[in-house]
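Novice:
Number of protein chains: 4
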Amino acid sequence: MLEKLKERVWKMNLELPRNNLVAMTSGNVSGRDPEKDLVVIKPSGVPYEEMETEDLVVVDLEGNIVEGDKKPSSDTDSHLYIYRHRQDVRGVVHTHSNYATSFAALGQPLPVCLTAIADEFGGDVPAGPYAPIGGEEIGEAIIENIGSSRAILLKNHGVFTIGDSPESALKAAVMVEDAAKTVHLAMLKGKPERLPEEEAKKAYERYQNRYGQ
Amino acid sequence: MLEKLKERVWKMNLELPRNNLVAMTSGNVSGRDPEKDLVVIKPSGVPYEEMETEDLVVVDLEGNIVEGDKKPSSDTDSHLYIYRHRQDVRGVVHTHSNYATSFAALGQPLPVCLTAIADEFGGDVPAGPYAPIGGEEIGEAIIENIGSSRAILLKNHGVFTIGDSPESALKAAVMVEDAAKTVHLAMLKGKPERLPEEEAKKAYERYQNRYGQ
Amino acid sequence: MLEKLKERVWKMNLELPRNNLVAMTSGNVSGRDPEKDLVVIKPSGVPYEEMETEDLVVVDLEGNIVEGDKKPSSDTDSHLYIYRHRQDVRGVVHTHSNYATSFAALGQPLPVCLTAIADEFGGDVPAGPYAPIGGEEIGEAIIENIGSSRAILLKNHGVFTIGDSPESALKAAVMVEDAAKTVHLAMLKGKPERLPEEEAKKAYERYQNRYGQ
Amino acid sequence: MLEKLKERVWKMNLELPRNNLVAMTSGNVSGRDPEKDLVVIKPSGVPYEEMETEDLVVVDLEGNIVEGDKKPSSDTDSHLYIYRHRQDVRGVVHTHSNYATSFAALGQPLPVCLTAIADEFGGDVPAGPYAPIGGEEIGEAIIENIGSSRAILLKNHGVFTIGDSPESALKAAVMVEDAAKTVHLAMLKGKPERLPEEEAKKAYERYQNRYGQ
Numbered sequence: 000m001l002e003k004l005k006e007r008v009w010k011m012n013l014e015l016p017r018n019n020l021v022a023m024t025s026g027n028v029s030g031r032d033p034e035k036d037l038v039v040i041k042p043s044g045v046p047y048e049e050m051e052t053e054d055l056v057v058v059d060l061e062g063n064i065v066e067g068d069k070k071p072s073s074d075t076d077s078h079l080y081i082y083r084h085r086q087d088v089r090g091v092v093h094t095h096s097n098y099a100t101s102f103a104a105l106g107q108p109l110p111v112c113l114t115a116i117a118d119e120f121g122g123d124v125p126a127g128p129y130a131p132i133g134g135e136e137i138g139e140a141i142i143e144n145i146g147s148s149r150a151i152l153l154k155n156h157g158v159f160t161i162g163d164s165p166e167s168a169l170k171a172a173v174m175v176e177d178a179a180k181t182v183h184l185a186m187l188k189g190k191p192e193r194l195p196e197e198e199a200k201k202a203y204e205r206y207q208n209r210y211g212q
Numbered sequence: 000m001l002e003k004l005k006e007r008v009w010k011m012n013l014e015l016p017r018n019n020l021v022a023m024t025s026g027n028v029s030g031r032d033p034e035k036d037l038v039v040i041k042p043s044g045v046p047y048e049e050m051e052t053e054d055l056v057v058v059d060l061e062g063n064i065v066e067g068d069k070k071p072s073s074d075t076d077s078h079l080y081i082y083r084h085r086q087d088v089r090g091v092v093h094t095h096s097n098y099a100t101s102f103a104a105l106g107q108p109l110p111v112c113l114t115a116i117a118d119e120f121g122g123d124v125p126a127g128p129y130a131p132i133g134g135e136e137i138g139e140a141i142i143e144n145i146g147s148s149r150a151i152l153l154k155n156h157g158v159f160t161i162g163d164s165p166e167s168a169l170k171a172a173v174m175v176e177d178a179a180k181t182v183h184l185a186m187l188k189g190k191p192e193r194l195p196e197e198e199a200k201k202a203y204e205r206y207q208n209r210y211g212q
Numbered sequence: 000m001l002e003k004l005k006e007r008v009w010k011m012n013l014e015l016p017r018n019n020l021v022a023m024t025s026g027n028v029s030g031r032d033p034e035k036d037l038v039v040i041k042p043s044g045v046p047y048e049e050m051e052t053e054d055l056v057v058v059d060l061e062g063n064i065v066e067g068d069k070k071p072s073s074d075t076d077s078h079l080y081i082y083r084h085r086q087d088v089r090g091v092v093h094t095h096s097n098y099a100t101s102f103a104a105l106g107q108p109l110p111v112c113l114t115a116i117a118d119e120f121g122g123d124v125p126a127g128p129y130a131p132i133g134g135e136e137i138g139e140a141i142i143e144n145i146g147s148s149r150a151i152l153l154k155n156h157g158v159f160t161i162g163d164s165p166e167s168a169l170k171a172a173v174m175v176e177d178a179a180k181t182v183h184l185a186m187l188k189g190k191p192e193r194l195p196e197e198e199a200k201k202a203y204e205r206y207q208n209r210y211g212q
Numbered sequence: 000m001l002e003k004l005k006e007r008v009w010k011m012n013l014e015l016p017r018n019n020l021v022a023m024t025s026g027n028v029s030g031r032d033p034e035k036d037l038v039v040i041k042p043s044g045v046p047y048e049e050m051e052t053e054d055l056v057v058v059d060l061e062g063n064i065v066e067g068d069k070k071p072s073s074d075t076d077s078h079l080y081i082y083r084h085r086q087d088v089r090g091v092v093h094t095h096s097n098y099a100t101s102f103a104a105l106g107q108p109l110p111v112c113l114t115a116i117a118d119e120f121g122g123d124v125p126a127g128p129y130a131p132i133g134g135e136e137i138g139e140a141i142i143e144n145i146g147s148s149r150a151i152l153l154k155n156h157g158v159f160t161i162g163d164s165p166e167s168a169l170k171a172a173v174m175v176e177d178a179a180k181t182v183h184l185a186m187l188k189g190k191p192e193r194l195p196e197e198e199a200k201k202a203y204e205r206y207q208n209r210y211g212q
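Written as structure tokens, this is what we have:
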């Protein structure tokens, strides 16, 4: 009965290599079914090009496997921590995309110095602390530091993005990498000025409510 | 009756991802029919790979929708401002391509230190001020600052290019990104010297009049 | 009788251009059959897209050609030196992938400042000295300096990776380039902190033993 | 009767976009028939993907069109100057590939600090002065400064490579860009040491005579 969500989460996992956000199997996407409170997530270490929809794993919010023969992503407990603490979140993406992770490596936020950052994130993309992989510590670090943003840069590690669907979390992962690349390049040539807070908020409001069909 | 222009504008929009100038839906192309003074433009937020020619929107120079079921690009008013103030312009392209936008972020022009810049742009690619998205302020900033160039770098935002056709505006968008990449790389290793103004003008004259078939 | 290993080594050689690790023919993969102590290796200077499985060369550990009409890779003696001195190694990859080689050029190790480096390599990726191509000097430099890592950066030259299979050596070659890119970008903006040694060891242990299916 | 050479020059022109060495139509390849002393060259401004073998132009060494309906490349006179002054040259490639051109922009040679540079070029890749496009001044600048190298970096402009065939000139164009990228990245993190001249010469001798089939 989760077939449709599985299909969507599978597609969004395939978008990771298609958008050059991952090397080998270094990223994952999950999605939540809000009615059953079940989560569909990538299986651990399975290459994107070999993964089929039936390889995806369905878990409940405590991490019990409800469906699937494979071991779920080693980031599952952190995804679930986010879903338990943020009812609005229905999609989570994790990558080590290079430019965004270069800010993450340093524990530096991505300053809102481009309209593209204001549109998608409404302000700076925050940095969060280092937390070990495998448990829910990463989930905790995200919940404590992501605030109202859709992306966070975890020190010495990489990027997590959230959204009201797997698709919007994926979009945030693409946009944070693209913006991080531009800001990185600008920082090598000068000191990009941040947009005034009010201007960033107006841009965000417009983009979220009036952009698109 | 605008079917041919729609087809051309559609194709040029598809050139944006093909030339790695955009992330998700972050760029748009429009074209003007000089006889009817109508403009064909990308629909807002529609992914390039899903967009069909009938999704393109036809507007008059005041922004009234003449044909099409979709909402036009949120940059439409600025495209139209350009078309109203520059009779010679029949194509406009907007992107956030990374290297050119890294100059834009800082409000820095791209200096004419390569023959490729002289050939295509005849001199420096100018920078323009920040202007909010959604109205015609961006159009005003472009008209005031683009001078005789085919491209402009808007502070904290991105790139706009113009041409006597959608195809030539697209070419300018490709060339400004390519040149910006090379100049960026050179600036990290030294101080590229500008071509003498006269030399740049001669190169431009030659390229515009004797290059090609 | 080595048909299966040839097929695998052939596939891994094709992964080199697919993962943008090589220009023209500038990389090679070999694999060892542990029962016969024979090695399958890329033929010298043959373009990846023209190479067929029967072009691969089978040599014994002293470099005598056992099967194949082509001349083996000019790095063969160094591959063999590694196989003779490390019974655990069953796959060797050599590339000049740009970001990792930029560390190699300088004789700089890649510091373990990302979880991705800890997971795959367990600590810093070591640097090794310059050694001339063609003999077994490169093999010696690798054996003396690679320690417990799966990758090494040879001064003024490039990258070698090893693994318990051609596939795992290939994975190490992909991951070292990806991590080198991120660390390079971070180093241009600040000073990435290394993970504490204990933390890196725990990450490595987890990734090697609990990641994947 | 030049059909075979046309086919080869056509293929090598298509290698330019395939190896990401050009934007739009910003590069060209030519080849010489040594018996007839005729040169086959790309037509001016024709997109690679639309170009067919019959679009290639055949000229004699003075630039008279012998075959073909199209206008030849605007770099034709400089290609011909090279062919007239270097009997050993049977292929010429011109690109603005980004990393190599970033050295060219500054008039900086590419130092022989990688085995890949020694193998392919035998020493530093020299820089040459700025010269205007369209006449044979660029050819003169190349002949005066290229020495025994296969590539040269022309100030404020781009890259020219030569070879004993269109294929080897193309290979030099790919290798100079790849090496320039690695050296650029290394220069941002430190000061890459040059290989001793003798070591570079030995590497070159080995690669030219013993590498490949």
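Chains as they are written, first to last, in numbering that gives the first Met the number 0: chain A, 0 to 212; chain B, 0 to 212; chain C, 0 to 212; chain D, 0 to 212. All C-beta atoms, glycine included, are put in the ideal place defined by N, C-alpha and C.
Hey, does methionine 23 of chain B have any beta-carbon neighbour from chain A nearer than 8 Å?
Specialist: Taking the second sequence and counting its residues from 1, one reaches residue 23 of chain B at position 24. Yes - at least one Cβ of chain A is within 8 Å of the one on methionine 23 of chain B.
Novice: Among residues of its own chain, excluding the 5 on either side of arginine 31 of chain B, which ones have a beta-carbon nearer than 6 Å to its beta-carbon?
Specialist: Along the second sequence, read from residue 1 onward, the residue named residue 31 of chain B stands at position 32. Excluding sequence neighbours, arginine 31 of chain B sits near Val38, Tyr82 and Arg89.
Novice: So with CB distances below 8 Å, who are the chain D contacts of tyrosine 210 of chain B?
Specialist: Taking the first residue of the second sequence as 1, we reach residue 210 of chain B at position 211. What tyrosine 210 of chain B touches in chain D: Ser43, Gly44 and Ser73.
Novice: Between leucine 184 of chain D and alanine 103 of chain C, what straight-line distance do the alpha-carbon atoms span, to the nearest angstrom?
Specialist: Counted from its first residue, the fourth sequence places residue 184 of chain D at position 185. Counted from its first residue, the third sequence places residue 103 of chain C at position 104. When rounded, the distance between both Cα atoms is 11 Å.
Novice: Evaluate contact between the segment 48 to 57 of chain B and the segment 66 to 82 of chain B, counting only Cβ atoms and requiring at least three cross-stretch pairs below 8 Å.
Specialist: yes
Novice: Just by C-beta distance, which residues in the segment 172 to 192 of chain B are closer than 9 Å to chain D?
Specialist: Val173, Met174, Glu176, Asp177, Ala178, Lys180, Thr181, Val182, His183, Leu184, Ala185, Met186, Leu187, Lys188, Gly189, Lys190, Pro191 and Glu192
Novice: At least one CB of chain C closer than 8 Å to the CB of leucine 20 of chain D: is that the case?
Specialist: By one-based count along the fourth sequence, residue 20 of chain D stands at place 21. Judged by the 8 Å Cβ criterion, leucine 20 of chain D is not in contact with chain C.
Novice: Let me confirm a value: threonine 75 of chain C is counted as buried when at least 16 other C-beta atoms fall within 10 Å, else exposed. Which label applies?
Specialist: Counting from one through the third sequence, the residue named residue 75 of chain C turns up at place 76. The residue is buried, with at least 16 neighbouring Cβ atoms inside 10 Å.
Novice: So, alanine 202 of chain B versus proline 46 of chain D, is the Cβ gap smaller than 8 Å?
Specialist: Here residue 202 of chain B refers to the residue found at position 203 when the second sequence is read from its first residue. Here residue 46 of chain D refers to the residue found at position 47 when the fourth sequence is read from its first residue. Cβ atoms of alanine 202 of chain B and proline 46 of chain D: not closer than 8 Å.
Novice: What first and last residue would you give for the beta strand (DSSP E) that runs through isoleucine 40 of chain B?
Specialist: For the purposes of this step, residue 40 of chain B is taken as residue 41 along the second sequence, with counting starting at 1. From DSSP, the beta strand (DSSP E) with isoleucine 40 of chain B extends over 37 to 40.
Novice: Would you give the residue range spanned by the alpha helix (DSSP H) that aspartate 118 of chain C belongs to?
Specialist: Counting from one through the third sequence, the residue named residue 118 of chain C turns up at place 119. Looking at the DSSP string, the run of the alpha helix (DSSP H) that includes aspartate 118 of chain C is 114 to 120.
Novice: Please report the distance separating the alpha-carbon of valine 92 of chain B from that of phenylalanine 120 of chain B.
Specialist: Sequence index remark: in the second sequence, residue 92 of chain B carries index 93 (1-based). Sequence index remark: in the second sequence, residue 120 of chain B carries index 121 (1-based). So the alpha carbons of these two residues sit roughly 15 Å apart.
Novice: Using a beta-carbon distance below 8 Å, is leucine 109 of chain D in contact with chain C?
Specialist: On the fourth sequence, residue 109 of chain D is found 110 positions in, with the first residue counted as 1. Not one chain C Cβ lies under 8 Å of leucine 109 of chain D.
Novice: Does chain C have any CB closer than 8 Å to the CB of lysine 200 of chain D?
Specialist: What you label residue 200 of chain D is simply residue 201 of the fourth sequence in a count that begins at 1. Taking a beta-carbon distance threshold of 8 Å, lysine 200 of chain D does not count as an interface residue toward chain C.
Novice: Going by the beta-carbon positions, is the gap between glycine 162 of chain D and glycine 211 of chain B smaller than 8 Å?
Specialist: Sequence index remark: in the fourth sequence, residue 162 of chain D carries index 163 (1-based). Sequence index remark: in the second sequence, residue 211 of chain B carries index 212 (1-based). Contact: no.
Novice: Using the Cα positions of arginine 209 of chain C and lysine 200 of chain A, report the straight-line distance between them to the nearest angstrom.
Specialist: Within the third sequence, the letter at position 210 stands for residue 209 of chain C. Within the first sequence, the letter at position 201 stands for residue 200 of chain A. Distance between the alpha carbons of arginine 209 of chain C and lysine 200 of chain A: 43 Å.
Novice: Taking Cβ positions only, does alanine 216 of chain A come closer than 8 Å to chain B?
Specialist: The requested residue 216 of chain A is not part of the displayed model; chain A covers only 0 to 212.
Novice: Using a C-beta to C-beta distance shorter than 8 Å, which residues of chain D count as neighbours of glycine 133 of chain C?
Specialist: Start at 1 with the first residue of the third sequence, and residue 133 of chain C comes out as number 134. The answer, in chain order, is Arg205 and Arg209.
Novice: Using the Cβ count rule (16 or more neighbours within 10 Å means buried), how would you classify valine 214 of chain C?
Specialist: Any property of residue 214 of chain C remains undetermined from this structure, which presents chain C solely from 0 to 212.
Novice: Quick check on serine 101 of chain A - is its C-beta less than 8 Å from some C-beta in chain C?
Specialist: For the purposes of this step, residue 101 of chain A is taken as residue 102 along the first sequence, with counting starting at 1. At least one beta carbon of chain C lies nearer than 8 Å to the beta carbon of serine 101 of chain A.
Novice: Taking buried to mean at least 16 other C-beta atoms within 10 Å of its own C-beta, is proline 42 of chain A buried or exposed?
Specialist: The count along the first sequence starts at 1 and reaches residue 42 of chain A at position 43. By the neighbour-count rule (16 or more Cβ atoms within 10 Å), proline 42 of chain A is buried.
Novice: For proline 16 of chain A, I'd like the list of residues in its chain whose CB is within less than 8 Å of its CB, leaving aside the five on either flank, ordered along the chain.
Specialist: Counting from one through the first sequence, the residue named residue 16 of chain A turns up at place 17. Cβ neighbours of proline 16 of chain A beyond the five flanking positions: Tyr47 and Glu48.
Novice: Shortest alpha-carbon distance to lysine 3 of chain C belongs to which of C:Glu14, C:Thr52 and C:His84?
Specialist: Here the question's residue 3 of chain C lines up with position 4 in the third sequence. Comparing Cα-Cα distances from lysine 3 of chain C to each of C:Glu14, C:Thr52 and C:His84, the minimum goes to C:Thr52.
Novice: Going along the chain, which residues of the segment 5 to 16 of chain C sit with their C-beta nearer than 7 Å to a C-beta in chain D?
Specialist: Going along the segment 5 to 16 of chain C in chain order, one finds no residue with a Cβ nearer than 7 Å to chain D.
Novice: Anyone know if the C-beta pair for alanine 171 of chain D and arginine 149 of chain D falls short of 8 Å?
Specialist: In the fourth sequence, counting from the first residue as 1, residue 171 of chain D sits at position 172. In the fourth sequence, counting from the first residue as 1, residue 149 of chain D sits at position 150. In contact: alanine 171 of chain D and arginine 149 of chain D (Cβ atoms closer than 8 Å).
Novice: Which residues bound the alpha helix (DSSP H) around alanine 130 of chain C?
Specialist: For the purposes of this step, residue 130 of chain C is identified with residue 131 of the third sequence, where counting begins at 1. Run containing alanine 130 of chain C: none; DSSP gives neither H nor E here.
Novice: DSSP puts aspartate 59 of chain C in a beta bridge; with which residues?
Specialist: As a working mapping, residue 59 of chain C is identified with position 60 in the third sequence. Answer by DSSP bridge pairing, in chain order: C:Leu37.
Novice: From glutamine 107 of chain A to proline 125 of chain A, what distance separates their C-alpha atoms?
Specialist: Indexing the first sequence from 1 puts residue 107 of chain A at position 108. Indexing the first sequence from 1 puts residue 125 of chain A at position 126. Roughly 8 Å between the two C-alpha positions.
Novice: Is it right to say serine 147 of chain D is buried, meaning 16 or more other beta carbons lie within 10 angstroms of its own, or is it exposed?
Specialist: In the fourth sequence, the residue the question calls residue 147 of chain D occupies position 148. Flag for serine 147 of chain D reads exposed.
Novice: Within 10 Å of its beta-carbon, does glycine 127 of chain C have 16 or more other beta-carbons around it, so buried, or fewer, so exposed?
Specialist: The sequence position of residue 127 of chain C within the third sequence is 128, counting from 1. Looking at its Cβ environment, which holds 16 or more other Cβ atoms inside 10 Å, glycine 127 of chain C is buried.
Novice: On a CA-only basis, which of C:Val111, C:Leu1 and C:Thr100 is nearest glutamate 34 of chain C? Give me that one, please.
Specialist: In the third sequence, the residue the question calls residue 34 of chain C occupies position 35. It is C:Leu1.
Novice: Write down the C-beta distance between lysine 180 of chain C and leucine 105 of chain A rounded to the nearest angstrom, noting that I regard them as a contact closer than 8 Å.
Specialist: The residue given as residue 180 of chain C occupies position 181 in the third sequence. The residue given as residue 105 of chain A occupies position 106 in the first sequence. Between leucine 105 of chain A and lysine 180 of chain C the Cβ distance is about 15 Å, and since that is not below 8 Å, they are no contact.
Novice: Distance cutoff 8 Å, beta carbons only. Does threonine 114 of chain A sit that close to anything in chain B?
Specialist: To locate residue 114 of chain A, count along the first sequence from 1; it is residue 115. Closer than 8 Å to some Cβ of chain B, the Cβ of threonine 114 of chain A qualifies, so yes.
Novice: Report all residues from its chain with a CB closer than 7 Å to the CB of threonine 100 of chain D; omit the five preceding and five following residues, and keep chain order.
Specialist: Locating residue 100 of chain D in the fourth sequence gives position 101, where the first residue counts as 1. Answer for threonine 100 of chain D: Gly157 and Val158, listed in chain order.
Novice: On a CA-only basis, which of C:Lys5, C:Gly138, C:Ile145 and C:Lys190 is nearest glutamate 66 of chain C? Give me that one, please.
Specialist: Residue 66 of chain C sits at position 67 when you count from the first residue of the third sequence. The residue with the shortest Cα to Cα distance from glutamate 66 of chain C is C:Lys5.
Novice: Apart from the five residues just before and just after leucine 153 of chain B, which ones in its own chain have a Cβ nearer than 8 Å to its Cβ?
Specialist: Along the second sequence, one-based indexing puts residue 153 of chain B at 154. Excluding positions up to five away in sequence, the list reads Ala103, Ala126, Gly127, Pro128, Tyr129, Ala130, Ile137, Ala140, Ile141 and Phe159.
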